[in-house]
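Only one structure is covered here, and it is reproduced in the block below.
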Amino acid sequence: MIVKTLLAAVVAGLIAGVFMTGAQELRVVPLILHAEEFENAEQPAVQPATPPAGEQQQHSSLSGAALLGEVLAALSPVTPAYAHEGEHEDGGIMFGMSRFSGTLLANLVAGAGFALLLTAIGLLSNRPVTFANGVYWGACGWLAVHLLPAIGLPPELPGFPAAELQDRQLWWIATVLLSGAGLYLLALRGEMIAKIAGLVLIALPHIYGAPQPLDISSNVPAVLGAEFAVAALATTLGFWLVLGVVLGFINDRFLKA
Amino acid sequence: MATSTLSSVTLSLSDRITAGFLALLVGGFLVFGTGLANSATIHDTAHDVRHSFGFPCH
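Quick note, the sequences are listed as chains Y and L, same order. Counting from 1, position 153 in the first sequence corresponds to residue 153 in my numbering; the numbering is continuous, with no gaps. Counting from 1, position 38 in the second sequence corresponds to residue 38 in my numbering; the numbering is continuous, with no gaps.
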């Protein structure tokens with residue numbers, strides 16, 4: 001039964017992942033590609049300053065030199081494009097897949113992951129995701145994972161200025177956890193004190209403040225950024241609603257004893 | 001919510017907790033891998049997904 005429960009989540013996640021891939025191709029991916037044109041336009045000017053070809057360009061590496069380079073790159077008004085398909089040899093897309101296949105695979109994995117997390121919260125709070133309440137579960141997932149963190153760190157395009165990656169990831173994870181806990185207290189607890197505590201938890205990371213870049217100049221037009229932020233949030237809202245409803249449907253249909 | 005009494009998932013308490021933590025662990029691992037892991041290969045594969053899901057990227 002445990003395996004069946006987890007399997008139901010994975011199947012729902014895969015379905016939502018396929019949906020997400022289609023939805024992304026409509027607006028989000030074209031905007032990313034468009035932004036990369038601006039990002040790459042500055043490549044030649046940056047080339048002499050970059051380390052010699054041989055040196056690994058792992059921008060997400062934890063080593064000091066790479067981190068320093070990353071900070072400099074993040075602070076620089078001329079942001080070099082890195083870690084994009086075909087631009088350097090290390091890294092690259094898994095198994096030599098096309099960019100689209102990589103995106104599809106990542107969506108499937110992310111979908112299964114989010115579905116398992118939603119299932120986990122449903123099980124641990126003893127409020128299983130059903131067809132009837134799935135849409136609310138999905139909406140809360142979107143609020144906790146996307147909208148509330150986006151207040152501090154809106155979805156950004158390649159080439160946008162940003163603070164150090166690790167700081168942002170840490171703030172993002174903390175915000176998702178606090179928002180999730182806050183939403184739980186707010187939505188599923190009746191006591192007044194719980195609701196107030198929930199609001200406090202949700203507000204906390206924003207009072208603390210998200211890590212922001214020192215230099216906000218960018219080659220990528222701001223209009224693209226605005227369009228992308230809305231498109232990304234709208235797409236993920238669709239993803240979560242589909243995920244919640246499909247997960248609820250599968251739970252109702254196949255897990256009823 | 002009253003719907004919780006009409007639970008569609010009929011697991012015993014210990015099974016429910018076990019399944020819950022198992023799902024939490026595996027789900028967290030998958031989401032971390034897609035969205036936050038520091039490997040260049042994973043980053044490049046999931047690049048567009050990271051951006052469109054609003055994960056901190058670059």
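For glycine and all other residues, C-beta sits at the position ideal for the given N, C-alpha and C.
Quick test of your reading: N133/Y and G248/Y, contact by CB under 8 Å. State the CB separation rounded to the nearest angstrom. Taking the first sequence and counting its residues from 1, one reaches residue 133/Y at position 133. Taking the first sequence and counting its residues from 1, one reaches residue 248/Y at position 248. Rounded, the Cβ-Cβ distance is 7 Å, consistent with contact.
Q212/Y burial status per 10 Å Cβ neighbour count (16 or more: buried): Counting from one through the first sequence, the residue named residue 212/Y turns up at place 212. Flag for Q212/Y reads exposed.
Closest to I42/L by CA distance: which of R27/Y, F95/Y, V28/Y is it? Your numbering for residue 42/L matches position 42 in the second sequence. That would be F95/Y, whose Cα lies nearest to the Cα of I42/L.
According to the Cβ coordinates, are H58/L and L224/Y closer than 8 Å? Locating residue 58/L in the second sequence gives position 58, counting from the first residue. Locating residue 224/Y in the first sequence gives position 224, counting from the first residue. No; because the gap between Cβ atoms is not below 8 Å, this pair is not in contact.
Got a sec: which bits of the region 16 to 38 of chain Y sit with their beta carbon under 7 Å from any beta carbon on chain L, in order along the chain? Q24, V28, V29, I32
What does the alpha-carbon distance come out to for the pair L118/Y and V129/Y? Walking along the first sequence from the start, residue 118/Y turns up at place 118. Walking along the first sequence from the start, residue 129/Y turns up at place 129. Their backbone Cα atoms lie some 8 Å apart in a straight line.
Who are the neighbours of A112/Y on chain L, taking C-beta pairs under 8 Å? What you label residue 112/Y is simply residue 112 of the first sequence in a count that begins at 1. Within chain L, the residues near A112/Y are G27, L30.
Give the interface partners of S14/L over in chain Y, defined as CB-CB distance under 7 Å, in chain order. Indexing the second sequence from 1 puts residue 14/L at position 14. Here the premise fails: no neighbours, minimum Cβ distance about 10 Å.
Anything in the region 216 to 246 of chain Y with a Cβ closer than 7 Å to a Cβ of chain B? List those residues in chain order, please. Protein chains Y and L are contained in the structure displayed, whereas chain B is not.
Can you tell me whether S101/Y is helix, strand or coil according to DSSP? Position 101 of the first sequence, counted from the start, is the residue given in the question as residue 101/Y. If DSSP states are grouped into helix, strand and coil, S101/Y belongs with the helices.
Within 8 Å (strictly less), CB to CB, does H146/Y reach chain L? Here the question's residue 146/Y lines up with position 146 in the first sequence. Interface residue, yes.
How should A9/Y be labelled, buried or exposed, when 16 other C-beta atoms within 10 angstroms of its C-beta is the threshold for buried? Here residue 9/Y refers to the residue found at position 9 when the first sequence is read from its first residue. By the neighbour-count rule (16 or more Cβ atoms within 10 Å), A9/Y is buried.
From what residue to what residue does the alpha helix (DSSP H) around P149/Y run? As a position in the first sequence, residue 149/Y is number 149, starting the count at 1. Start and end: 148 to 152.
Start and end residues, alpha helix (DSSP H) containing Q166/Y: The residue labelled residue 166/Y in the question sits at position 166 within the first sequence. 165 to 188 is the span of the alpha helix (DSSP H), which, as asked, contains Q166/Y.
For G91/Y, is the classification buried or exposed, using 16 other Cβ atoms within 10 angstroms of its Cβ as the cut-off for buried? Counting from 1 along the first sequence, the entry for residue 91/Y is found at position 91. The residue in question, G91/Y, is buried, as its Cβ has 16 or more Cβ neighbours within 10 Å.
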